[in-house]
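Number of protein chains: 10
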Amino acid sequence: MEFLVRAQNTLPPDTADEERARLKKGERARADELRAAGILKRLWRVPGRNATIGLYEVADATELHDVLASLPMFPWMDITVEAVATHPQEQ
Amino acid sequence: MEFLVRAQNTLPPDTADEERARLKKGERARADELRAAGILKRLWRVPGRNATIGLYEVADATELHDVLASLPMFPWMDITVEAVATHPQEQ
Amino acid sequence: MEFLVRAQNTLPPDTADEERARLKKGERARADELRAAGILKRLWRVPGRNATIGLYEVADATELHDVLASLPMFPWMDITVEAVATHPQEQ
Amino acid sequence: MEFLVRAQNTLPPDTADEERARLKKGERARADELRAAGILKRLWRVPGRNATIGLYEVADATELHDVLASLPMFPWMDITVEAVATHPQEQ
Amino acid sequence: MEFLVRAQNTLPPDTADEERARLKKGERARADELRAAGILKRLWRVPGRNATIGLYEVADATELHDVLASLPMFPWMDITVEAVATHPQEQ
Amino acid sequence: MEFLVRAQNTLPPDTADEERARLKKGERARADELRAAGILKRLWRVPGRNATIGLYEVADATELHDVLASLPMFPWMDITVEAVATHPQEQ
Amino acid sequence: MEFLVRAQNTLPPDTADEERARLKKGERARADELRAAGILKRLWRVPGRNATIGLYEVADATELHDVLASLPMFPWMDITVEAVATHPQEQ
Amino acid sequence: MEFLVRAQNTLPPDTADEERARLKKGERARADELRAAGILKRLWRVPGRNATIGLYEVADATELHDVLASLPMFPWMDITVEAVATHPQEQ
Amino acid sequence: MEFLVRAQNTLPPDTADEERARLKKGERARADELRAAGILKRLWRVPGRNATIGLYEVADATELHDVLASLPMFPWMDITVEAVATHPQEQ
Amino acid sequence: MEFLVRAQNTLPPDTADEERARLKKGERARADELRAAGILKRLWRVPGRNATIGLYEVADATELHDVLASLPMFPWMDITVEAVATHPQEQ
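Protein chains in written order, with the UniProt record's numbering: chain V, 1 to 91; chain Y, 1 to 91; chain D, 1 to 91; chain R, 1 to 91; chain A, 1 to 91; chain B, 1 to 91; chain S, 1 to 91; chain C, 1 to 91; chain W, 1 to 91; chain Z, 1 to 91.
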């Protein structure tokens, strides 16, 4: 099933560039794995914010949590998820 | 997977008693079917309100919507759902 | 550019079945046209609600409004839109 | 009576791993005691968050507070509780 | 245990005076019974509104709901309840 | 007149035990004085939170502020007050 | 003591002109009485709305409620009040 | 000075076409007058809604209210205004 | 024109007494100047909070900002303003 | 297309004057470039706050994000954007 996932990054502005770069690189690598696995289907940037909206396809909410917790930036992300149902027009 | 489902009944106070009784009876019958099917696992009353909180177990959000839409009172219910994940302590 | 569009249908529960069917049919037909035109890219059902989340691709907010206003159910829809930016990982 | 209890963990991301592990272990041990006592009936993970929803059965709000305050993580938890009534369909 | 209960009366302004007087009288009679039973301990008026805040003492949330639903004005009241715990300073 | 007063204690979790004990002791002493003066009529614990709801009787909002500001924990308390009127049923 | 009082007029747009004029005239007359009595100290219009903010001086919240309930438009007004304290700089 | 003004049109969906056309025409005529007078400087459509955001230049909030109240659709508009200051970069 | 201005002081509780006294003294001196100039017409204390509500008379929002920014405590104040119009009853 | 952009500056009050001046100067220089490019069409100060509202004209939300992220103060700005459509009266 699909979930829309909003993630606001709360990494403090004074984080060292090196640490920031390391986290960002890891984040991208993990996201690419999730894309390859068909789990991360879309990812948008919320304009003006260090935040994203993602469309995930997983078995259930438990898998979704494990997927999100596997992201290197997870400890600094304020996340809310929304389960979405298939619309009859797309069935 | 499990969902917590809040449903506020918005049936107008001046609905005819007969119609109200008919809807309530149908609601109970359908809820009993969902209990028998292992879908409606718990149902609480929100104290002071014509509202409930239910714990549903379904395959996904699409089945959840179909289940909720099958309730006779559905057209008058203001519903919000929340997908919940299994906690490691219960696995 | 893409927009996420939330639409809550506020058609009164006591609307005549005929009128409801007419509107729903027209809604589907117009949505199919928008799909064929590459404008309506995804449509989800918000579980438990007579509401949807749509992913639209349009030139700008002005075209988006014209597209939404062309839906037969528009006068009864409470809509909020959110402009989303392309994420660097998808560029 | 039963309460639904939402708990958001606000332990800072830069807490030492050792301290975090110690707290988590203590949290689990206390939760197991509460389960054995029939007080903690269910525990869910809020997907994407370091947060939980628990179903507690206690005598009243005063016992509930004592139970929650006995958790090692209590000083870092932002908690809201909701008293729920038994629904006639379950009586 | 005690609950703080907020009740906003939503009876339409154009309700017939007779009906309004009948409901108000019944409301007062039932409230007096609840006072005599030690259930309704305090009742305040929210200044400027047709609304009240009550302090109720009941066994649990289920009894609270039954008590509130027994008020003649119940179908027109928008109610929210809050379970409160005994403070150590009052024990 | 009476006020309902909500106070959320925001003292940081890492405050030294000694300082915390000193403040708590002073808080209790001052609260007892306010009780003896007939000003603090009730005090509840918000279950699950380091927060209280108090019922105060004072001459007006100015005296209320002075009373609250006299509490040793005042600098760390996030307080909101609500003026309540006497209900005709209690007059 | 003083209160800031917000009042949103919810009289339906299709109210007959005559009834509207009658209510408005009565409202003004009663407001003038309250001004003469030193109770209504200021009255502002919320720009763009059929709403006002008033500064009232009364003995307490109970008198405030009686004063507000004496306004002819009271049944159609959605009112919220805020008790304000004298600032040391004005004492 | 300038104000940003949000106006949500709440005219019921079942308003007669004739009445709607009459109001819309009057609305446009009055808006054109306000444009000619240098009062209505910009007007945007909120995409997906029967709502607008306007930029008005007036002497003060009192003139703003008179201007907004002069619009034929005023009785059905839910309006909120925001006073904005000149930014030093534009002085 | 007049503005109602809410200001929540966010100076950290652990600010040195000397610094706090210096800021408070400067705040009072500047407020007295604004009173003498007819700009600060009223100032209330929000009971229970380190917060105020002020009534200011200025030419426009730009002057209001300059006035507020001239207060020594400005960098620690969380301020929201509301433009209010003259009510016909006071004209 | 146009966007209304709200930006609250969250730079801590204890930032060194030198750093603050450096950032402000850079902010102004970049804003002037955006004005020259026809991207930043208007900029208002929110009275009483270290915050602005800007009117931007860009190709889409992706360009908008790049523009905002190019501001030197971006890491300390809490930004929300709103896509606005051209109103028929301005077409």
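Note that the Cβ used here is the ideal one computed from N, Cα and C, for glycine as well.
All figures in this text were calculated on a predicted structure; none of them were measured in a lab.
Quiz item: Going along the UniProt domain "Muconolactone isomerase" (1-89) of chain S in order, which residues come within less than 7 angstroms of chain C, judged by CB to CB distance?
Solution: Pro-13, Arg-45, Pro-47, Gly-48 and Arg-49
Practice problem: Using three-state DSSP, classify A/Asp-66 as helix, strand or coil. | Solution: helix
Quiz item: Hey, is the stretch 13-29 of chain S in contact with the stretch 73-87 of chain W, meaning 3+ C-beta pairs nearer than 8 angstroms?
Solution: no
Self-check item: alpha helix (DSSP H) runs wholly inside the stretch 4-79 of chain C, at least 4 long, in chain order
Solution: 17-36 and 61-69
Quiz item: Between W/Leu-43 and S/Gln-89, is the Cβ-Cβ spacing less than 8 angstroms?
Solution: yes
Self-check item: Straight-line gap, A/Pro-12 to B/Glu-33 (C-alpha atoms, nearest Å)
Solution: 46 angstroms
Exercise. With a cut-off of 8 angstroms on the beta carbons, I'd call A/Val-58 and A/Ile-79 a contact; round off their distance for me.
Key: So it is not a contact: roughly 14 angstroms between Cβ atoms.
Exercise. To the nearest angstrom, report how far apart C/Met-1 and W/Glu-63 are at their CA atoms.
Key: 10 angstroms
Self-check item: Buried or exposed (CB count within 10 angstroms, at least 16 for buried), S/Thr-10
Solution: exposed
Quiz item: B/Lys-41 to W/Phe-74, Cα distance in whole Å?
Solution: 37 angstroms
Exercise. Give the C-beta separation of R/Leu-55 and R/Leu-4 to the nearest angstrom, bearing in mind that I take them to be a contact with Cβ-Cβ under 8 angstroms.
Key: 6 angstroms
Quiz item: Around the Cβ of C/Thr-15, are there at least 16 other Cβ atoms within 10 angstroms (buried) or fewer (exposed)?
Solution: exposed
Exercise. Assign Z/Asp-17 to one of two classes, buried (16 or more other C-beta atoms within 10 Å of its C-beta) or exposed (fewer than that).
Key: exposed
Self-check item: Distance between Z/Asn-50 and C/Ala-7 (C-alpha atoms, nearest Å)
Solution: 26 angstroms
Exercise. Express the C-alpha separation of D/Thr-52 and A/Asp-66 in angstroms, rounding to a whole number.
Key: 37 angstroms
Quiz item: Do S/Val-81 and A/Pro-47 come within 8 angstroms of each other at the CB atom, strictly closer than that value?
Solution: yes
Exercise. Leaving aside the five residues before and after V/Ser-70 along the sequence, list all residues of the same chain whose C-beta is less than 7 angstroms from its C-beta, in chain order.
Key: Arg-30
Practice problem: Tell me C/Glu-2's beta-bridge partners as DSSP assigns them. | Solution: C/Glu-57 and C/Val-84
Exercise. Leaving aside the five residues before and after Y/Pro-72 along the sequence, list all residues of the same chain whose C-beta is less than 7 angstroms from its C-beta, in chain order.
Key: Leu-23, Gly-26, Glu-27 and Arg-30
Exercise. Helix, strand or coil for W/Gln-89, going by three-state DSSP, please let me know.
Key: helix
Self-check item: Exposure label - D/Ala-61; buried when at least 16 CB within 10 Å
Solution: buried
Quiz prompt | For V/Arg-35 and Y/Arg-35, the rounded distance between their alpha carbons | solution = 38 angstroms
Practice problem: Return the CA-CA distance between Y/Ala-21 and V/Met-77, expressed in angstroms with no decimal places. | Solution: 48 angstroms
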